[in-house]
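Q:
Residue numbers (our numbering): 20 to 765.
Right, dumping it as structure tokens:
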């Protein structure tokens with residue numbers, strides 16, 4: 020009798036729900052049809068503009084020449100797109116001068132010339148509905164014409180029919196699943212239900228079967244469905260965010276205010292964004308050569324807050340207040356820089372020792388053996404705790420948002436978690452993560468992994484690094500890992516492991532303020548004492564054995580051997596800021612770099628024009644940017660790199676849409692900048708030929724490649740990188756708050 024009553028009660032809810040879902044489905048279908056049509060038209064408008072912009076320059080040049088065969092060939096090649104039905108070119112007087120064989124005669128050029136046909140519209144023709152877009156072509160001398168692009172729209176009806184079908188199926192499935200859930204819920208106790216939901220919100224239910232202590236056993240059949248539903252919702256929200264948010268400093272500030280209640284961000288890194296040094300009795304400020312600083316500093320300007328870092332400038336202590344803080348940037352203060360002090364012994368053990376003689380070569384697998392000493396480990400633990408104490412002091416609440424940067428602070432997340440259990444800790448690992456076998460070399464591998472799993476979110480540059488990390492955790496720790504959702508549960512602490520490809524500021528801070536590229540190139544050539552027609556290559560790195568500087572020089576040498584006609588007409592500029600010079604490995608590497616550059620110059624210096632110009636000194640960002648703009652090619656030949664922002668900086672600098680990027684396949688940037696010339700830096704001949712291809716590449720091909728890469732760097736900028744992590748953090752915080760509220764109710 021009790022079961023019958025429960026069923027009857029459930030049916031009283033299910034029947035109205037089914038009717039409501041049915042009515043909603045019939046109301047939604049026409050709306051979706053309208054939206055789908057709008058999206059398709061917008062997509063074809065975008066495609067048309069892209070094709071027209073691509074064809075404009077070569078077509079205008081061919082029209083000027085009157086080369087009919089090449090014009091027909093150009094239009095025919097462009098019309099190979101499966102949705103592009105035909106292309107035609109009309110004169111300004113309304114005459115159809117050129118067209119592909121499939122061009123529809125019912126489209127009148129006179130209508131285009133008289134503006135009867137709009138720049139973009141759907142036309143109902145005897146042959147069927149088509150999308151017609153017109154684009155004005157202006158030749159030298161002011162002669163004008165119109166490029167007509169005709170897209171087939173038959174696929175729109177097919178896609179709309181599929182969409183209607185899927186919507187109906189979705190509502191049917193939703194109704195069935197909801198009904199099943201309702202029936203089950205009717206048989207659950209209120210307390211058991213609440214405990215189960217709370218467990219899932221905390222992440223326990225997503226990673227392990229429910230136990231009698233964590234949730235009612237009656238809830239177990241729902242776990243699979245709820246896991247799938249939650250993953251689906253997260254994926255949909257991510258897509259919605261990417262399509263609706265234009266990432267900029269303003270959008271990042273708005274995100275903090277809306278999603279994180281205006282929280283100030285605390286950034287922790289070893290390297291400080293601004294260094295105060297005393298030079299000739301005066302205090303000077305400069306930014307260090309660091310990809311981390313390049314990426315994170317614009318985020319701090321947008322979000323404000325506090326940046327905690329090691330102060331090692333000769334005038335750093337003179338410029339801070341009583342609390343070791345100084346407002347930066349100097350010209351326009353926008354956030355606090357809190358400096359942490361270390362003794363020479365502490366820096367030697369923590370930074371030079373464990374971090375850079377141990378973890379750096381361990382993670383980069385760059386044929387340099389890692390060195391691990393107990394004394395270095397002790398200093399590493401000590402300094403991590405010092406930074407954790409500083410975070411606690413700088414936090415203005417018990418649940419701050421903390422961004423922990425890089426391999427210097429693997430232990431820091433767990434230390435902060437112990438002091439501030441409610442903190443949202445986002446750790447980003449800027450260097451690669453090795454496979455489990457390689458990481459197993461470290462004597463303190465378990466301690467490092469436990470420290471990192473104190474994070475709420477743990478970010479890497481690529482999915483491959485995430486996979487390596489999860490496999491490493493699985494090998495060495497007792498945890499629950501959900502590979503599909505990329506999460507780790509350890510002792511009740513859930514950590515999300517995600518890839519967040521880092522990027523640079525867009526638009527660049529100097530945009531619109533620099534002289535033309537040709538003027539910059541002329542100035543650089545004059546400064547270097549080179550003739551006006553000299554070709555230039557550029558490489559910008561720290562003096563580090565992972566950056567492939569020796570391999571790059573060997574490629575330059577081999578290129579000059581294979582193509583002697585470039586002897587005396589090409590010089591490669593290598594900017595290599597000194598780095599970790601206190602370490603023997605780096606001293607030896609710097610000596611090898613200087614020796615190789617000297618040997619190549621002995622062979623290939625011609626008429627006083629060196630093959631390699633080595634600038635082993637620090638350069639400010641504005642100076643580096645001038646070299647980017649002056650060089651015909653930029654070489655990034657890292658042997659193993661997390662991302663490498665030099666590649667993206669070069670792309671951002673080329674607002675003339677010229678220049679070629681030669682990029683190592685072992686960088687994270689190679690997974691994004693496909694239009695670069697991708698090389699294996701260990702293959703000398705391949706890299707040499709890529710350099711030659713870059714130097715001889717036609718300008719129209721340079722433009723196509725550079726335009727595509729600039730569009731990607733614009734859309735996937737550093738604000739998107741930070742925004743994606745902060746959005747994920749906001750969702751985790753909301754889930755934890757909901758779990759807390761449910762716990763109080765139950």
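Glycine included, C-beta positions come from ideal geometry on N, C-alpha and C.
1. Find the nearest neighbour of residue 569 within the set 686, 656 and 415, judged by alpha-carbon distance.
2. Are at least three pairs of beta-carbons, each pair with one atom in the region 630–644 and one in the region 678–693, less than 8 Å apart?
3. Check each candidate in 607, 587, 750 and 597 and name the one with the smallest Cα separation from residue 627.
4. For a test of the three-state rule: what should DSSP assign to residue 694, helix, strand or coil?
5. Could you say which of 184, 70 and 97 lies nearest to residue 154 if we only look at CA atoms?
6. Pick out whichever of 324, 621, 379 and 634 has its Cα sitting closest to the Cα of residue 451.
7. Please specify which runs of the alpha helix (DSSP H), each continuous and at least 4 residues long, are wholly inside the region 466–530, giving them in chain order.
8. Return the bridge partner residues of residue 164 from the DSSP annotation.
9. Thinking C-beta only, is residue 424 closer than 9 Å to residue 287?
10. Tell me the rounded alpha-carbon separation between residue 535 and residue 334.
11. Here's a check: name, in chain order, each residue in its chain whose Cβ is nearer than 8 Å to the Cβ of residue 505, leaving out the five neighbours to either side.
12. Shortest alpha-carbon distance to residue 478 belongs to which of 520, 382, 649 and 734?
13. Where does residue 354 fall in DSSP's three states?
14. Per the DSSP calculation, residue 18 is bridged to which residue(s)?
15. At the level of alpha carbons, what is the spacing between residue 661 and residue 464?
16. Among 339, 311 and 353, which one has its Cα closest to the Cα of residue 320?
17. Output the distance between the C-alpha atoms of residue 432 and residue 462, rounded to the nearest integer angstrom.
18. Tell me whether residue 300 is buried or exposed, calling it buried when 16 or more other Cβ atoms sit within 10 Å of its Cβ.
19. Should residue 57 be labelled buried (16 or more other beta-carbon atoms within 10 Å of its own) or exposed?
20. For the 8 Å Cβ check, are there 3 or more pairs between the region 399–407 and the region 357–366?
21. Reducing DSSP to helix, strand and coil, say where residue 381 ends up.
22. DSSP beta-bridge partners for residue 687?
23. Just verifying my parser: in three-state terms, what is the DSSP assignment at residue 549?
24. List the endpoints of the continuous alpha helix (DSSP H) containing residue 734.
25. Only counting the same chain, and skipping five residues up and downstream in sequence, which positions put a Cβ closer than 8 Å to that of residue 548?
26. May I ask you to report which of helix, strand or coil DSSP gives residue 446?
27. Quick check: does the Cβ of residue 595 come within less than 8 Å of any heavy atom belonging to the ligand NAD?
28. Taking the alpha-carbon positions, what's the residue 709 to residue 125 distance?
29. Hey, residue 116 and residue 164: beta-carbon distance below 9 Å or not?
30. State buried or exposed for residue 698, treating a residue as buried only when at least 16 other CB atoms are found within 10 Å of its CB.
31. Report all residues from its chain with a CB closer than 7 Å to the CB of residue 396; omit the five preceding and five following residues, and keep chain order.
32. Excluding the 5 residues preceding and the 5 following residue 104 in the sequence, name in chain order all residues of the same chain whose CB lies nearer than 7 Å to its CB.
33. Contact defined as beta carbons within less than 8 Å: I believe residue 443 pairs with residue 410. What is the distance between those atoms, to the nearest angstrom?
34. Bridge partners for residue 147 per DSSP, in chain order?
35. If you draw a straight line from the alpha carbon of residue 311 to that of residue 449, how long is it in whole angstroms?
36. For residue 722, collect the residues of the same chain with a Cβ closer than 7 Å to its Cβ; drop the 5 residues on either side in sequence, then sort them by chain order.
A: Checking against the coordinates, here is how it stands:
1. Working through the chain shown from its first residue, we reach residue 569 at position 550. Checked all of 686, 656 and 415; the closest Cα to residue 569 is 656.
2. Proximity of the region 630–644 to the region 678–693 falls short of the contact definition, fewer than three beta-carbon pairs being nearer than 8 Å.
3. On the chain shown, position 608 is the one that residue 627 refers to. The shortest C-alpha separation from residue 627 is found at 587.
4. Walking along the chain shown from the start, residue 694 turns up at place 675. Note: residue 694 maps to coil in three-state DSSP.
5. The residue you call residue 154 lines up with position 135 of the chain shown. Among 184, 70 and 97, the Cα nearest to that of residue 154 is on 70.
6. What you label residue 451 is simply residue 432 of the chain shown in a count that begins at 1. The shortest C-alpha separation from residue 451 is found at 379.
7. Listed in chain order, they are 482–495.
8. The count along the chain shown starts at 1 and reaches residue 164 at position 145. Answer is 110 and 156.
9. The count along the chain shown starts at 1 and reaches residue 287 at position 268. The count along the chain shown starts at 1 and reaches residue 424 at position 405. Yes, the Cβ-Cβ distance between residue 287 and residue 424 is below 9 Å.
10. Position 516 of the chain shown holds residue 535. Position 315 of the chain shown holds residue 334. Going from the Cα of residue 535 to the Cα of residue 334 covers about 37 Å.
11. In the chain shown, residue 505 corresponds to position 486, counting from 1. So the qualifying residues of the chain are 485, 489, 515, 516 and 517.
12. For the purposes of this step, residue 478 is identified with residue 459 of the chain shown, where counting begins at 1. Cα-wise, what sits closest to residue 478 is 520.
13. Position 335 of the chain shown, counted from the start, is the residue given in the question as residue 354. DSSP places residue 354 in strand when its eight states are reduced to three.
14. Missing from the structure shown is residue 18; the chain here goes from 20 to 765 and no further.
15. In the chain shown, the residue the question calls residue 661 occupies position 642. In the chain shown, the residue the question calls residue 464 occupies position 445. Annotation: residue 661 to residue 464 spans about 20 Å, alpha carbon to alpha carbon.
16. For this step, residue 320 is matched to residue 301 along the chain shown. Ranking the options by Cα distance to residue 320, first place goes to 353.
17. By 1-based counting over the chain shown, the position of residue 432 is 413. By 1-based counting over the chain shown, the position of residue 462 is 443. If I take the Cα positions, the gap works out to 20 Å.
18. Taking the chain shown and counting its residues from 1, the one referred to as residue 300 is at position 281. Residue 300 should be labelled exposed.
19. Along the chain shown, read from residue 1 onward, the residue named residue 57 stands at position 38. With a threshold of 16 other beta carbon atoms within 10 Å, residue 57 falls short and is exposed.
20. Segments in contact, yes.
21. In the chain shown, the residue the question calls residue 381 occupies position 362. In the structure shown, residue 381 falls within a helical segment according to DSSP collapsed to helix, strand and coil.
22. For the purposes of this step, residue 687 is identified with residue 668 of the chain shown, where counting begins at 1. In DSSP, residue 687 forms no bridge with anything.
23. Walking along the chain shown from the start, residue 549 turns up at place 530. DSSP places residue 549 in coil when its eight states are reduced to three.
24. For this step, residue 734 is matched to residue 715 along the chain shown. First-last of the alpha helix (DSSP H) with residue 734: 718–734.
25. Here residue 548 refers to the residue found at position 529 of the chain shown. Cβ within range, chain order: 627.
26. Taking the first residue of the chain shown as 1, we reach residue 446 at position 427. Strand.
27. Because no ligand of any kind appears in the structure shown, any question about the ligand NAD cannot be addressed here.
28. Numbered from 1 along the chain shown, position 690 holds the residue referred to as residue 709. Numbered from 1 along the chain shown, position 106 holds the residue referred to as residue 125. One alpha carbon belongs to residue 709, the other to residue 125, and they sit about 48 Å apart.
29. On the chain shown, position 97 is the one that residue 116 refers to. On the chain shown, position 145 is the one that residue 164 refers to. Yes.
30. Within the chain shown, residue 698 is the residue found at index 679, counting from 1. Classification for residue 698: buried.
31. For the purposes of this step, residue 396 is taken as residue 377 along the chain shown, with counting starting at 1. Same-chain partners within the cutoff: 373 and 463.
32. In the chain shown, counting from the first residue as 1, residue 104 sits at position 85. The residues are 121, 149, 169, 170 and 171.
33. Translated into the one-based positions of the chain shown, residue 443 becomes position 424. Translated into the one-based positions of the chain shown, residue 410 becomes position 391. With 8 Å as the limit, residue 443 and residue 410 do not qualify as a contact, their Cβ atoms being about 12 Å apart.
34. Here residue 147 corresponds to residue number 128 of the chain shown, with the count starting at 1. In the DSSP output, where bridge partners are listed per residue, residue 147 has 144.
35. Taking the first residue of the chain shown as position 1, residue 311 is located at position 292. Taking the first residue of the chain shown as position 1, residue 449 is located at position 430. Roughly 7 Å between the two C-alpha positions.
36. Counting from one through the chain shown, the residue named residue 722 turns up at place 703. Answer for residue 722: 676 and 677, listed in chain order.
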